[in-house]
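Worksheet: the structure to be examined is printed underneath.
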Amino acid sequence: MRSILLPKPLITAAVGSVLLVAVGTQGATAATKAPAPAAKSVASARTAAVYGPTRAVTVLPRVSEAEARFLELADLIAQSCEPRVLRAAGRVASEPTPDSTMPVLVDPLPLHPTEECAAQRHQLRISKAFSGTETGTYARLRDRLTVLRYPEARIHRMPNFAGRPVVRLDLRVGSGHLALEVTDIGNSVMVRAFGAAEHVSVTEVRLKQEVDWPTS
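Under our numbering, the sequence shown has 199 at position 104, and the numbering climbs by one with no breaks.
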């Protein structure tokens, strides 16, 4: 095979080119190996793509769920009362007569027509739910009311009347005053509506004591 002789300057340039290529190859290899930590990030990204991103799960307290259900109920009842309230425009709600037989601090407020209508709706659904049912204890009275979508936080225990449990329901929403008193009477309940001022507890309102019901 015939040898080809190259001038010395060309040989020097060729060697230099080889060195530059070698150095460039090593640099590229190093650049490829450098982002090793990124491989972990890629793996994490693939895991997130398969299983979904990890995030904190916020669980609403039970009382919040109960409150939301009550507000939905209150809104439905208020909507059902709107046509009736329009027909009753100009009518003034009668003010309940206060009585001093209970150790409470304030008198009840009168209910406006919308609240009176809503009170009747609440009274009807509670009376129907307790009809023919023996309650007997505060716990049973409270539990059945919670089933009816009244939050436990809105149910306030009162002193027993004639040995029967009594509770008051705080149904105030926004600037409303509506509240109910529910008294167990054996195989049903007696439900009374009254108005409570915004700044007081429903347990601080004094109501006129109802006439005793027959015991036989």
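In this text, a Cβ means the ideal position worked out from N, Cα and C, and glycines have one as well. Model, not experiment: these values are computed from the prediction.
Practice item. Report the option in 244, 164 and 174 whose CA atom is closest to the CA atom of residue 208. Key: 174
**Study point:** Inter-residue spacing [alpha-carbon to alpha-carbon] between residue 213 and residue 297
**Key:** 17 Å
Review point. DSSP three-state call for residue 206: helix, strand or coil?
Key: coil
Point to revise | Secondary structure of residue 177, DSSP reduced to three states | key: helix
Check your understanding: Which residues share a DSSP beta bridge with residue 250?
Key -> 264
Check your understanding: Rounded to a whole number of angstroms, what is the C-alpha to C-alpha distance between residue 313 and residue 243?
Key -> The structure shown does not extend to residue 313, since the chain is modelled only from 96 to 311, so the question has no answer here.
Review point. What first and last residue would you give for the alpha helix (DSSP H) that runs through residue 301?
Key: Unbroken run through residue 301: none, as it is neither H nor E.
**Study point:** Counterpart residues of residue 288 in DSSP-defined beta bridges
**Key:** 275
Practice item. Note down the Cα distance separating residue 169 from residue 253, rounded to an integer number of angstroms. Key: 23 Å
Check your understanding: If we ignore side chains and look at the alpha-carbon of each, how far apart do residue 262 and residue 249 end up?
Key -> 10 Å
Point to revise | Presumed contact (8 Å Cβ cut-off) between residue 273 and residue 210, rounded CB distance | key: 5 Å
Review point. Taking C-alpha atoms, which residue in 278, 251, 260 and 227 lies nearest to residue 299?
Key: 251
Check your understanding: Excluding sequence positions up to five away, which residues of its chain have a Cβ less than 6 Å from the Cβ of residue 225?
Key -> 283 and 284
Point to revise | Between the CA atoms of residue 159 and residue 202 - distance to the nearest angstrom | key: 30 Å
Exercise for review: Determine the burial state of residue 265: buried for a count of at least 16 other Cβ atoms within 10 Å of its Cβ, exposed for fewer.
Suggested key: buried
Practice item. With DSSP as the reference, please indicate the residues paired to residue 256 in a beta bridge. Key: 259
**Study point:** Whole-angstrom distance between residue 235 and residue 204, CA atom to CA atom
**Key:** 29 Å
Exercise for review: Taking only the alpha-carbon atoms, compute the straight-line gap between residue 219 and residue 271 and give it to the nearest angstrom.
Suggested key: 20 Å
Exercise for review: May I have the straight-line CA-CA distance separating residue 330 from residue 163, to the nearest angstrom?
Suggested key: An answer regarding residue 330 cannot be provided, because it is not within the stretch 96 to 311 covered by the chain.
Review point. How big is the Cα-Cα spacing for residue 216 and residue 223?
Key: 11 Å
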